[in-house]
Amino acid sequence: MGAGLQPLLERRARRVVAIDVAPSVLAAAKARHPGLDVVAADVRRLPFADASFDVVVSNSTLDHFDTRAEIRDALAGLHRLLRPGGRLVLTLDNLCHPAVALRNALPFSWLRRLELVAYPVGATLGPAGLRRTLAETGFEVVDVAALLHCPRAIAVRRARTLERLEAPAARDRFLRGLARWESLATLPTRFLTGHYVGVLARKP
1 MGAGLQPLLE RRARRVVAID VAPSVLAAAK ARHPGLDVVA ADVRRLPFAD
51 ASFDVVVSNS TLDHFDTRAE IRDALAGLHR LLRPGGRLVL TLDNLCHPAV
101 ALRNALPFSW LRRLELVAYP VGATLGPAGL RRTLAETGFE VVDVAALLHC
151 PRAIAVRRAR TLERLEAPAA RDRFLRGLAR WESLATLPTR FLTGHYVGVL
201 ARKP
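Our numbering applies: residue 1 is where the sequence shown begins, and numbers increase by one.
Here you go:
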């Protein structure tokens with residue numbers, strides 16, 4: 001769900017379909033990857049037949065709805081699309097992370113005034129809630145992980161700086177620095193430090 005993973009997926013699949021609600025996003029993806037199939041659609045109302053896909057990747061796309069019920073509906077729709085044995089790779093903002101929990105508790109008008117977010121943030125789930133919702137929608141959970149342990153404000157600020165510099169050596173140093181933060185994923189506190197919760201799930 002989204003086009004950023006296209007080069008990786010293209011090496012492993014006969015066909016890759018990128019889906020987004022915004023035609024402008026899809027046009028940009030198509031310009032970068034002319035062979036990519038693009039479909040403008042809402043994840044809750046996808047125009048595909050049952051059992052159409054072997055793998056669905058949803059990279060922080062379901063955490064922009066107003067309610068958790070909408071997340072559940074979207075997951076039910078993704079379950080419908082998958083063939084038996086198909087896999088879902090999913091990330092959401094991690095509600096167990098203190099900064100995410102605080103952000104989601106504050107009114108968007110405050111967050112925008114403080115320049116903490118540039119767009120409305122939606123409901124999301126922590127690892128336990130995500131496991132439960134996946135089970136309710138018919139998935140078997142294979143693995144759950146906490147991802148991106150570098151404080152997000154630092155990572156975003158550094159990434160913007162590197163985009164301006166366009167220096168490969170600086171980008172390499174930045175990525176090595178991010179990788180060092182990921183050692184926190186081995187600790188019992190990993191779901192307090194990981195900004196995202198990532199899940200691999202299977203349709204029986």
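All C-beta atoms, glycine included, are put in the ideal place defined by N, C-alpha and C.
Note that the structure is predicted; figures quoted are calculated from it, not measured.
Helix, strand or coil: which one does DSSP assign to T186? helix
Using the DSSP secondary-structure output, state which residues sit across from G198 in a beta bridge. T91 and A145
Put S52 into one of helix, strand or coil per three-state DSSP. coil
Where do the N-terminal and C-terminal ends of the beta strand (DSSP E) with D172 fall, by residue? Element bounds for D172: not the beta strand (DSSP E) but the alpha helix (DSSP H), P168 to W181.
Hey, how far is the Cα of S183 from the Cα of G177? 11 Å
Residue range of the beta strand (DSSP E) that includes R38: With the sequence shown as reference, residue 38 is identified as Val, and Arg is not the correct amino acid for it. Where V38 is concerned, the enclosing beta strand (DSSP E) stretches over D37 to A40.
Go to D73, then tell me how far its beta strand (DSSP E) extends in each direction, as first and last residue. No beta strand (DSSP E) holds D73; the alpha helix (DSSP H) holding it covers R68 to L81.
Within this structure, are the beta carbons of V25 and L92 separated by less than 7 Å? no
Considering only residues of the same chain and omitting the five flanking positions on each side of L81, which have a CB-CB separation below 8 Å? L46, F48, D50, A51, S52, F53 and V56
Candidates H97, L75 and P34: closest to T189 by CA position: H97
How is S205 classed by DSSP in three states: helix, strand or coil? Outside the modelled stretch of the chain, which goes from 1 to 204, sits residue 205, for which no answer is possible.
Let me make sure I understand the geometry here. Which of P151, D37, A159 and T161 has the alpha-carbon closest to that of P23? D37
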